[in-house]
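J.: I'd like to ask some things about the structure below.
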Amino acid sequence: MLTGRIPLSVGNLSQLESLDLSRNMLSGEIPPQHAQLNFLQSFSVAHNNLTGPIPQGNQLRTFDPSSFEGNPGLCGDPLPKKCRDSEALPLPPSADEEDDDSWSPIKLDWKFVLAGAISGFVIGVALGTW
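Residue numbers (the UniProt record's numbering): 1 to 130.
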């Protein structure tokens with residue numbers, strides 16, 4: 001189970017096609033960089049403890065509201081809950097401004113996830129060509 005904030009660095013994975021962070025204990029806001037993940041075909045942060053506005057941009061608006069359900073603190077498109085004016089949407093920080101994520105236990109988990117995905121891909125290719 002993942003806890004803490006979603007790392008800003010996930011937004012740098014520009015070729016990412018699928019991101020499922022549902023049913024964890026994530027908190028804080030969805031980083032604005034996620035609005036720039038233009039290749040995402042599948043996305044879910046459902047059933048966490050996320051708050052604040054959903055980052056504006058064409059990509060995240062295309063996902064069904066169920067991708068965000070179970071986070072009563074989230075607001076903005078595509079959810080029916082509108083944000084208050086005080087919940088202004090921040091612009092994504094530049095790469096120079098990005099702070100180092102204080103999500104150390106999760107970084108270790110991401111390495112395992114990446115290693116598992118690569119291993120699965122290699123095994124899939126090997127079995128597919130056999």
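Backbone N, C-alpha and C fix where the C-beta goes; we use that ideal spot for every residue, glycine too.
Which residue or residues does DSSP assign as beta-bridge partners of L74?
T.: One-based indexing of the sequence shown puts residue 74 at position 74. G52, per the DSSP bridge assignment.
J.: How far does the alpha helix (DSSP H) with L60 in it extend, from its first residue to its last?
T.: Locating residue 60 in the sequence shown gives position 60, counting from the first residue. Start and end: 58 to 61.
J.: Less than 8 angstroms between the beta carbons of residue 131 and L26, yes or no?
T.: Here the chain covers residues 1 to 130 and nothing more, so residue 131 does not appear.
J.: Using alpha carbons as the reference points, say which of V10, G4, T3 lies closest to L114.
T.: Within the sequence shown, the letter at position 114 stands for residue 114. Selected option, being the one with the closest Cα: V10.
J.: Grab me the residues of D64's own chain with a C-beta within less than 8 angstroms of its C-beta, minus the 5 sequence neighbours each way, in chain order.
T.: Translated into the one-based positions of the sequence shown, residue 64 becomes position 64. Residues of the same chain with a CB within less than 8 angstroms of the CB of D64, apart from the 5 flanking positions on each side, are P78 in chain order.
J.: Given F43, which residues of its chain have a CB within under 6 angstroms of its CB, disregarding the five upstream and five downstream residues?
T.: As a working note, residue 43 is residue 43 in the sequence shown. Cβ neighbours of F43 beyond the five flanking positions: L19, F63, S67.
J.: Spatial neighbours of H34 within its chain, please: CB distance less than 6 angstroms, with the 5 preceding and 5 following residues excluded, ordered by chain position.
T.: As a first step, residue 34 is located in the sequence shown; it is residue number 34 there, counting from the start. Closer than 6 angstroms at the Cβ level, and outside the excluded window around H34, lie G11, P55.
J.: For E17 versus L40, is the C-beta spacing smaller than 8 angstroms?
T.: The count along the sequence shown starts at 1 and reaches residue 17 at position 17. The count along the sequence shown starts at 1 and reaches residue 40 at position 40. Against a cut-off of 8 angstroms, the Cβ pair of L40 and E17 comes out as a contact.
J.: Taking only beta-carbon positions, decide if N71 is within less than 8 angstroms of chain B.
T.: Judged by its chain identifiers, the structure shown contains no chain B, having just a single protein chain.
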